[in-house]
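K.L.:
Residue numbers (our numbering): 137 to 292.
Structure in structure tokens, see below.
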Amino acid sequence: MTARVKPSGAKAANPLAPLIAKVQTLRRQVPTLADDAVWRPFLARHAGGITSTRAMSETQLHAVVRALYAAGAPKRPGSSGGKRQPYADSPQLAKARALWIALADAGKVRDRSDTALAAFIRRQTRQDIGMLSPERWAQVIEALKGWADRVGAAVE
């Protein structure tokens, strides 16, 4: 068995390469930074005098990313965390949501989002919200009511 030896001229992979690529991508999205005569002073101003992204530390690269966003680079939309699920509102879902929020107000639920409620329902029934029968909805609502009663959560 022969061992592969890395050629002496080969460079080690830079762990900051993805962050450097992000900086370069964001730079192209800010028209005022297209000229190198503007870009280098921008880097120096936001990275403590360093004018090369390859010479920057991770902290300095993150500072440049924040500065690029402030300079007008568009942010990608985030995940849908906290947004409502695309389920049709039903009286059962409205009741479950009211109980869930009452539990959150009582401090017994950390995440009051519909996504967290859907995860709770999935754990209780092993079914998606859109597939619940009236009997399963009754099971979920009774479980939430029992929990609210045990912790003294005010249910409206």
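We put the beta carbon where it would ideally sit given N, CA and C, even for glycine.
Remember, predicted model here, so these are calculated numbers, not experimental data.
1. Let me know the secondary structure DSSP gives residue 151 once reduced to three states.
2. Pull up the distance between the alpha-carbon of residue 156 and that of residue 247, whole angstroms please.
3. Do you know whose CA, among 193, 164 and 209, lies nearest residue 151's CA?
4. Residue range of the alpha helix (DSSP H) that residue 211 falls in?
5. Measuring only from the beta carbon, is residue 207 closer than 7 angstroms to any heavy atom that is part of the ligand PLP?
6. Once you ignore the five residues that flank residue 195 on each side, which residues in its own chain have a CB closer than 6 angstroms to its CB?
7. With residue 238 and residue 284 assumed to form a contact (beta carbons below 8 angstroms), what rounded beta-carbon distance in angstroms separates them?
8. Are the CB atoms of residue 280 and residue 235 within a distance shorter than 8 angstroms?
9. Since residue 210 and residue 275 are thought to touch, with beta carbons under 8 angstroms apart, how far apart are those beta carbons, to the nearest angstrom?
10. Would you mind giving the Cβ-Cβ distance between residue 207 and residue 169, rounded to the nearest angstrom? I have them listed as a contact below 8 angstroms.
11. Taking just the CA atoms, how far does residue 245 sit from residue 163?
P.N.:
Well, looking at it:
1. For residue 151, the three-state secondary structure derived from DSSP is coil.
2. Distance between the alpha carbons of residue 156 and residue 247: 34 angstroms.
3. Comparing Cα positions, the closest option is 193.
4. Taken as a continuous stretch (DSSP letters only), residue 211 belongs to no alpha helix (DSSP H), as it is neither H nor E.
5. Annotation note on the ligand PLP: not contained in the displayed structure, which lists no ligands.
6. Close CB contacts of residue 195 within its chain, under the 6 angstroms cut and outside five residues either way in sequence, are absent.
7. Contact holds; Cβ gap of about 6 angstroms.
8. For the 8 angstroms CB-CB criterion, residue 235 and residue 280 form a contact.
9. With a contact defined as Cβ atoms closer than 8 angstroms, residue 210 and residue 275 miss out at about 45 angstroms.
10. Yes, residue 207 and residue 169 are in contact; Cβ-Cβ is about 7 angstroms, under 8 angstroms.
11. Pairing residue 163 with residue 245, the inter-Cα distance amounts to about 41 angstroms.
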